[in-house]
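Structure first, commentary second.
Residue numbers (our numbering), protein chains in the order written: chain A, 5 to 183; chain B, 5 to 183; chain C, 5 to 183; chain D, 5 to 183; chain E, 5 to 183; chain F, 5 to 183.
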């Protein structure tokens, strides 16, 4: 298997969960360093994107503190706003980030865009995604279920409770207008 | 009940109707002055947002001329374009508007965003919204119903007819592309 | 029938097909010159807009090379990004394009916007659109059907195969996230 | 002299001063109503544009309270962000504002843009501008002079002192970087 | 000397002049087809950029009609707005334009950006630029000189007079504010 | 002296130099963690901003590797694009970054904007800035001087040579147009 200097791992992290730890660990097997791109950084306070990029940044670093030893030596966290031009997105990342050699992503669009720019694109294995995904966690909260709490370590659950994540999501679900 | 110097009342006003008059009257009980924010000011000519901000500004002032005595002494009308970053929206309003102390809105998102910035947020009573809402008025027009006309004073109906509101909405409903 | 110096023909061309040739031929009966606006030029790599504006530009010129003699004498191809303000869009086109007298479009929104600015707006006849439309072509590809290939000349099918159009669309259909 | 229903008076109001009162009075001789556009509304905290649009809105209403009787009956204050496309600016104003028939402005660019769109454009007389202009007021403050204070009524000077206008300008003059 | 399928020739064309004809002729020696990018397409009505992109498009086609036989067979004119991110600009052009192999430009920044993306960049010979350049033509008009008229064919001078180019420039020079 | 959890240190880093190391060291005396904001991240390839944000990110991490032991434990590097609304900038940073308590900056504008939002703002001591500043380094390179090389450790000089920093700056100085 190829060994890289640096790979990109983009995600929305709404919210961060154990699947993301697995994903970053997988990328760290492929590369010395990993740049975690916290995408759609301009979005927050919607049902699809409840958390700000800053909150996601903070939660992700708490999660990695718990689950990934000495992560700061090898992982960068970088919030990145959408550019609304898919054909330019990878070049935009190249403008913003230190040199990278490819991407690790479960999203076909991301892999297509990197491949078309001549980068390598890895599809990660699934890590029982059926349970832990941002989409499912948000849906379960709105349905009043609690199984999603198994997807996060205790420290992160505490922080989500402290910032009122579930409550924000429920309040937002009462509307579909922006004012 | 608290008395304020100035409160914000955001809305889309597609189109303005009697519910909006009630809303502004309610805000004027809470504050000396009210800043009515005509939101999503960049939008027009769609099924969700048929009118331009300028048309809404004009219709709203006609409506208030009819229904709210001496409104100009205490009410400002201000068109505001979306900023596409919810977490920054209230600060953006603070940049654009004279000093305000809080908001009156039926939209939970709006109230959350103001509260997180340390402002007071009032939820107005319902004013029989079940009948008069922009969404319902637009839907009734497309279904060929006319009960919505009870939601507006005669003067405003005339103006909506003059600018061809119902006809624009019907023509727009024939498409979903932007060209 | 009125004779014009120059008319605009906006479209998304996802992908270009024989219906577009008919549309441009129709416009060329009405005007000496036609400006084909390749709209939503910032969009690509989505199910609604799989091709970049540059790819559409290239495919459209190949299509016209095949089907419309000496087209370069009378047709301009111009990619145009969306401005996200419908009420300003026609003035924005006026800023970007050489002088024009009106539009030819099957899209009611486009015709409304041109008419409100005082331009003439022609609705083209239907050219058996029921079969050949971008929407239908994209849907058939995703359903594994091949009848859409009758909507394009052989030269264009080859080029679409060369750039991997159908494959891109299928890969994109596996996701709905942007990374 | 022509009589209008509504005219636009654009300005930057950095800060508002007696010259602006004269300008608005002049426009009110020409029209029943005047829309004062507080332009470059996105700008603040620079040497050219020290005040936010909200501060300018607030100061302008204090100034008019002092100097122009019953101004609220006939004057609208509307903050408007720049659109960065001169050829589209007047159409953009048309999108945002109630119907207007022309402009009053000492700025040739503004008059050109309105005239090209078919509006009437009035050039106001000079009102001893040699003394009272935003540019001169800002320059005098930086040079430590105080004659500019004659350009404003006492009430406005107090408010400028309260928000620390002169101090902000002096602090900003120590830098030319944005961070 | 290398032979190319298609090259890009960017410029601002404020206004188009004989130097541009020489530049395009030079590019046509190097490539079968040339894409003339009318840059900074959002700019107009300033001293640096007096003409709209549409006016420049129109004037350029008149100029080529006069001076370059059968130019439409091999030259595309494409207005392109600035993207405000130099590091992404060439990829943005790639998104908008049919496939190209390189650039011809007297501007070092343009050549650097293309070279960094792996394209070939040609520096054109000078064509007595000392006399005919947009900058010099605009300066001479403001100084009341007329030697610049030798830089344009008669047909183009007529059109510049018709649209009031010199007059617009002079009126704009009376101000430095945007309203 | 107050002790903080996290402070922001914004800069442009064109290029990074020893003054920046001192600045970050100073901030690390005041806070457990420091978020270094690489500002104006959209800018590159100009005389004021020759390097991309990605290059600055990379150079800064090399510099800190040389000069600041175990920096990754306590320092985050985050590229941030300008928002063009000073009054909203700090809230925009709050949206993007993990929670912070204030700023360290030599730029008065930055300190004003943080203070107005209720944050603490520290002015760092000068560190012989008279010699090492981005502005002076860029100016010396263009004047053909070499004293600036004392402002950087050997490892960083090598990297600047490798990416052709001085050469890029010199080539850019031959022009002032963007194409």
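For each residue, glycine too, the CB sits at the ideal point set by N, CA and C.
Quick check: the Cα distance between residue i and residue j, rounded to an integer number of angstroms?
i, j, result
"residue 64/D", "residue 164/D", "11 Å"
"residue 10/B", "residue 160/D", "19 Å"
"residue 158/B", "residue 66/B", "11 Å"
"residue 178/D", "residue 166/C", "59 Å"
"residue 191/B", "residue 37/D", "Because residue 191/B is not part of the residues shown, which for chain B are 5 to 183, the question remains open."
"residue 15/B", "residue 106/B", "15 Å"
"residue 41/A", "residue 93/A", "12 Å"
"residue 33/C", "residue 119/C", "20 Å"
"residue 77/C", "residue 30/C", "16 Å"
"residue 183/D", "residue 128/F", "A caution first: residue 183/D carries a pLDDT of 31, below 50, which makes its placement in the model unreliable, though a value can still be read off. Answer to the nearest angstrom: the Cα atoms are 14 Å apart."
"residue 88/A", "residue 162/F", "37 Å"
"residue 155/B", "residue 141/B", "8 Å"
"residue 73/F", "residue 168/C", "50 Å"
"residue 122/D", "residue 50/C", "41 Å"
"residue 181/B", "residue 115/C", "Residue placement at residue 181/B is flagged as unreliable, the pLDDT there being 42, under the threshold of 50; a coordinate-derived value is accordingly withheld."
"residue 86/E", "residue 117/D", "21 Å"
"residue 135/B", "residue 152/B", "8 Å"
Could you say which of the options lies nearest to residue i if we only look at CA atoms?
i, options, result
"residue 25/C", "86/C, 58/C, 68/C and 61/C", "68/C"
"residue 75/A", "39/A, 88/A and 83/A", "39/A"
"residue 19/D", "103/D, 123/D, 45/D and 77/D", "45/D"
"residue 172/A", "137/A, 138/A and 48/A", "48/A"
"residue 148/E", "168/E, 139/E, 155/E and 174/E", "174/E"
"residue 52/E", "121/E, 72/E, 145/E and 115/E", "145/E"
"residue 71/C", "139/C, 43/C, 86/C and 21/C", "21/C"
"residue 84/A", "139/A, 43/A and 17/A", "43/A"
How about residue i and residue j: are their beta carbons less than 8 Å apart?
i, j, result
"residue 109/C", "residue 91/C", "no"
"residue 99/A", "residue 57/F", "yes"
"residue 176/F", "residue 113/E", "yes"
"residue 101/A", "residue 82/A", "yes"
"residue 23/C", "residue 137/C", "yes"
"residue 12/E", "residue 27/E", "no"
"residue 103/A", "residue 8/F", "no"
Can you tell me where the alpha helix (DSSP H) holding residue i begins and where it ends?
i, result
"residue 9/B", "No alpha helix (DSSP H) contains residue 9/B, which is instead part of the beta strand (DSSP E) from 8–15."
"residue 81/C", "Unbroken run through residue 81/C is the beta strand (DSSP E), 79–83; no alpha helix (DSSP H)."
"residue 89/C", "Premise fails: residue 89/C is in no alpha helix (DSSP H) and is neither H nor E."
"residue 116/F", "112–120"
Is there at least one Cβ from chain C nearer than 8 Å to residue i's Cβ?
i, result
"residue 46/B", "yes"
"residue 183/E", "Because the pLDDT at residue 183/E is just 31, under 50, the model does not fix this residue reliably, and the value given afterwards should be weighed accordingly. Answer no: the Cβ-Cβ gap between residue 183/E and chain C never drops below 8 Å."
"residue 164/B", "no"
When the cut-off is 8 Å and only beta carbons count, does residue i lie next to chain E?
i, result
"residue 28/D", "no"
"residue 92/A", "yes"
"residue 130/C", "no"
"residue 13/D", "no"
Do we get a CB-CB distance below 8 Å when we pair residue i with the residues of chain F?
i, result
"residue 95/E", "no"
"residue 56/A", "yes"
"residue 19/A", "no"
Residue i lies in the beta strand (DSSP E); which residues open and close that run?
i, result
"residue 28/A", "Taken as a continuous stretch (DSSP letters only), residue 28/A belongs to no beta strand (DSSP E), being part of the alpha helix (DSSP H) at 22–34."
"residue 124/A", "124–126"
"residue 106/A", "106–108"
For a test of your reading of the model: does the CB of residue i fall under 7 Å from any non-hydrogen atom of the ligand COA? Yes or no.
i, result
"residue 173/A", "In the structure on display, the ligand COA does not appear, and there are no ligands present to speak of."
Would you verify that the beta carbon of residue i is, or is not, closer than 8 Å to some beta carbon of chain D?
i, result
"residue 89/C", "yes"
Report yes or no: is there a C-beta of chain B within less than 8 Å of the C-beta of residue i?
i, result
"residue 180/F", "With a pLDDT of only 44 at residue 180/F, under the threshold of 50, the placement of this residue in the model should not be trusted; the figure read from the coordinates follows. No, residue 180/F does not count as interfacial toward chain B."
"residue 80/D", "yes"
Under 8 Å, Cβ to Cβ, is there at least one residue of chain A near residue i?
i, result
"residue 72/F", "no"
"residue 61/F", "yes"
"residue 172/C", "yes"
Can you pull the chain H residues whose beta carbon is under 8 Å from the beta carbon of residue i, in chain order?
i, result
"residue 176/B", "Chain labels in this structure do not include chain H; the protein chains are A, B, C, D, E and F."
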